Amino acid sequence: MADQDQLFQFLLRLGDNTLVLGHRVSEWCGHSPVLEEDIALANTALDMIGQTQLWLGLAGEVEGKGRSADDLAFLRDVWDFRNVLLVELPNGDFGRTLMRQFLYDAWSQIMLSKLASSSDDRIAAIAEKASKEVAYHVERSGDTVIGLGDGTEESHTRMQAALDYLWPYVGEMFQSDEVDGAMVAAGIAPDPTSLREEYDAKVQSVMSEATLTIPGSKYAHKGGRTGYMHTEHLGHMLCSMQWLQRAYPGASW
Amino acid sequence: MYAQMIKTARSGVKNREEMSDQEREFQDRIDRDEKIEPKDWMPDDYRATLIRQMGQHAHSEVVGQLPEGNWITRAPTLERKAILLAKVQDEAGHGLYLYSAAETLGESRDELVRLLHEGRMKYSSIFNYPTLNWADIGAVGWLVDGAAIVNQVALQRTSYGPYSRAMIRICKEESFHARQGYHAIMQMAFGTPAQKAMAQDAVNRLWFPAIMMFGPNDSESTHSEQSMAWKIKVKSNDELRQQFVDQTVPQIEYLGLDLPDPGIKWNEERGHYDFSDPDWNEFFDVIKGNGPCNVDRLKDRVDAWEDGAWVRDGLLAHARKKSARTAAE
Amino acid sequence: MSNEWPLWEIFIRGQHGMSHRHVGSLHAPDAEMAIKNARDVYTRRNEGVSIWAVEAVHIAASSPEEKGPLYEPSNSKVYRHPTFFDIPDEVGSM
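Structure, rendered in structure tokens:
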């Protein structure tokens with residue numbers, strides 16, 4: 001039986017990733033390059049909001065203080081968020097958004113496939129449902145990265161720039177700490193470090209097809225999943241996301 | 001409505017004596033409620049009027065994403081965020097269905113979009129009003145989509161097959177929109193005093209713009225007759241407006257909100273609600289481009305299109321390379 | 001060359017056992033993306049289990065002027081319909 005506080009932290013990491021990235025993706029609504037992409041991005045965001053409700057709902061249950069998924073999403077401040085830095089980065093152009101999506105989806109797909117056999121049935125059930133959604137996301141974001149990388153000179157240049165910008169944020173997804181150690185010990189989740197090889201193979205195959213070059217530097221920004229140091233961007237996101245709940249406490253919507 | 005003040009390509013209705021044999025046969029088919037299909041013969045004016053109407057309708061759906069999209073990142077709960085996002089996504093879908101219907105007449109979507117961006121085609125006046133508080137999201141779903149549904153239900157019977165089929169599909173999805181809107185505003189009208197004040201503010205601001213959606217009074221509407229004869233338009237502006245007011249007033253009363261127009265009174269004799277005319281000068285100003293949000297709305301659409309050009313070109317270039325590679329194998 | 005994405009006609013099979021039905025159209029750079037876009041655009045409410053995408057230019061259509069010759073001949077072949085034949089009730093259902 002894992003320490004409940006560590007389990008809570010672990011679930012926040014999963015739920016905050018989908019919360020923050022789903023929010024970022026939803027910012028595109030009405031502004032995409034073409035209607036079909038607008039509709040597709042909204043589907044991705046909707047799936048991620050749904051996953052957030054499940055992960056944070058379970059987190060609240062595990063915490064045992066009566067907090068709902070909404071309480072956790074709308075009433076915590078920056079330092080309590082446990083998402084990786086990658087997902088809170090601003091959207092940039094469409095190419096950067098899709099590159100970020102792919103880099104996340106590829107990790108998420110591997111992570112969820114392991115979580116589907118978690119010793120915690122609740123986690124296994126959520127992972128099972130989410131992995132069907134993510135299997136489609138990664139196919140779509142991967143194909144788009146390939147299409148744009150291998151498209152025109154301009155789209156290639158932009159996608160390479162997106163990859164260069166985002167790559168230093170990839171490493172954080174594979175760092176482990178004592179929370180992860182406790183999850184591994186309880187058979188709840190894999191050690192993030194152990195996912196790296198499969199991830200690199202997947203990403204390398206897509207980038208090759210996309211004619212893009214993965215940067216050589218191994219440097220990894222960190223601080224999101226521990227909450228130690230987020231980027232400045234997260235606070236601005238929370239300003240809009242949490243505004244109504246903060247301005248009118250106790251109201252029901 | 002979503003299609004307002006559509007100029008029929010000719011003025012007045014042709015009478016039977018003026019019609020050629022082909023035109024007479026065409027009119028007979030319409031009078032028998034037969035649907036006209038893409039490859040059927042049709043008068044040039046019918047085709048041109050339809051393209052304008054379906055195009056404007058499609059533009060309205062797409063520009064209509066913006067005022068509600070304005071609140072997606074500020075939705076107060078995860079569920080409300082999901083509902084709103086799914087709703088705005090539907091609008092994009094509706095735009096897509098309608099562009100497709102227009103494309104059956106040989107007008108490409110890119111061309112229609114270009115005309116919109118150059119200011120040569122319009123979209124509904126309603127989307128040039130701002131959404132200022134969260135209750136506006138409820139009010140837009142309930143009042144704006146509610147008004148649209150009144151029109152679109154009638155348009156399911158329109159004479160052009162692809163337009164009619166698009167409307168049938170859209171109507172199925174629209175009732176979700178109106179209901180989620182009313183549900184959201186109900187929560188506020190029955191909520192805290194601050195929430196109720198937001199709900200009242202939203203209804204007050206959006207009432208007249210909503211009833212303007214049906215277009216000018218019949219007496220002022222010069223383009224309708226031929227469109228009615230062709231069943232491109234199925235009911236008159238005033239008929240539809242009255243229907244909307246009659247169904248909406250009791251809904252406002254149920255919320256316990258003040259009526260947004262002191263002129264609203266039940267008229268026993270007519271069996272309908274009386275109500276005040278909106279300020280038609282304001283309507284024509286908005287149509288001319290002087291509404292509170294015209295400039296921003298169009299800029300958002302143009303920016304999305306121009307900023308997205310490299311994406312569209314990139315994916316197409318990749319598809320062409322891929323098929324060339326396959327052909328070479 | 002126009003840079004507009006080609007138009008695709010989308011056919012969806014709603015439930016197992018039913019045939020594919022035309023549901024509408026959309027734009028996509030290639031067939032794979034057309035299928036994906038169709039999934040995102042036309043199955044938002046669980047409408048489908050199988051998708052076909054056909055590039056619109058590849059659809060051959062009968063022309064409306066031929067409607068008479070193509071379909072009217074079958075109007076007179078009423079014997080193709082089961083109700084044409086009177087079978088006594090005693091025979092049982094057939």
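Chains as they are written, first to last, in UniProt numbering: chain A, 1 to 253; chain B, 1 to 329; chain C, 1 to 94.
Glycine residues also receive a C-beta, built at the ideal position from the N, C-alpha and C atoms.
Remember, predicted model here, so these are calculated numbers, not experimental data.
query: Contact residues within the segment 114-136 of chain A, judged by C-beta distance below 9 Å to chain C; result: Y136
query: Alpha carbon of Q243 of chain B to alpha carbon of K65 of chain A, nearest angstrom; result: 51 Å
query: Within 8 Å of chain C by C-beta, residues of the segment 89-102 of chain B in sequence order; result: Q89, D90, G93, L96, Y97 and S100
query: Residue burial classification, H81 of chain C (beta-carbon count within 10 angstroms, cutoff 16); result: exposed
query: Given 8 Å, three or more beta-carbon pairs between the segment 213-227 of chain A and the segment 77-90 of chain B; result: no
query: Cutoff 8 Å: I72 of chain B Cβ touching any chain A Cβ; result: yes
query: Contact with chain A by H27 of chain C, beta-carbon distance below 8 Å; result: yes
query: F85 of chain C (DSSP reduced to helix, strand or coil); result: coil
query: Residues bridged to V22 of chain C [DSSP beta-bridge criterion]; result: Checking the sequence, you will find His at residue 22 of chain C rather than Val. BP columns for H22 of chain C point to C:F11.
query: Under 7 Å by beta carbon: chain B residues contacting A41 of chain C; result: Per the sequence shown, the amino acid found at residue 41 of chain C is Val instead of Ala. In chain order: G93 and L96.
query: Of the listed residues B:R205, B:T192 and B:I137, nearest to Y182 of chain B (C-alpha basis); result: B:I137
query: 8 Å Cβ cutoff, G271 of chain B in contact with chain A; result: no
query: Own chain residues within Cβ distance below 6 Å of I35 of chain C, not counting five before or after; result: I51 and A53
query: Beta-ladder partner(s) of N267 of chain B, from DSSP; result: B:H272
query: Same chain, Cβ closer than 7 Å to N17 of chain A, five either side skipped, listed in chain order; result: N83, V84 and V87
query: Boundaries of the beta strand (DSSP E) in which W52 of chain C is found, first to last residue; result: S50 to E55
query: Distance CB(G24 of chain C)-CB(Y97 of chain B) smaller than 8 Å; result: yes
query: Rounded separation between T52 of chain A and P76 of chain B - CA only; result: 15 Å
query: Neighbour flag for V87 of chain A against chain B, beta carbons, 8 Å; result: no
query: Whole-Å CB distance - L105 of chain B paired with P209 of chain B, under 8 Å assumed; result: So it is not a contact: roughly 31 Å between Cβ atoms.
query: Residue from B:N128, B:R165, B:Q22 and B:A197 with nearest C-alpha to G256 of chain B; result: B:A197
query: Cross-chain neighbours of A40 of chain A in chain C, by beta carbon under 9 Å; result: K36, N37, R39, D40 and V41
query: Three-state class that DSSP yields for I36 of chain B in the structure shown; result: strand
query: C-beta contact flag for S26 of chain A and T131 of chain B at 8 Å; result: no
query: Beta-carbon proximity check, K233 of chain B vs S224 of chain B, cutoff 8 Å; result: yes
query: As assigned by DSSP and simplified to three states, the class of Y165 of chain A; result: helix
query: Three-state secondary structure (DSSP) of H27 of chain C; result: strand
query: Stretch pair the segment 1-15 of chain C + the segment 177-189 of chain A: three plus CB contacts closer than 8 Å; result: no
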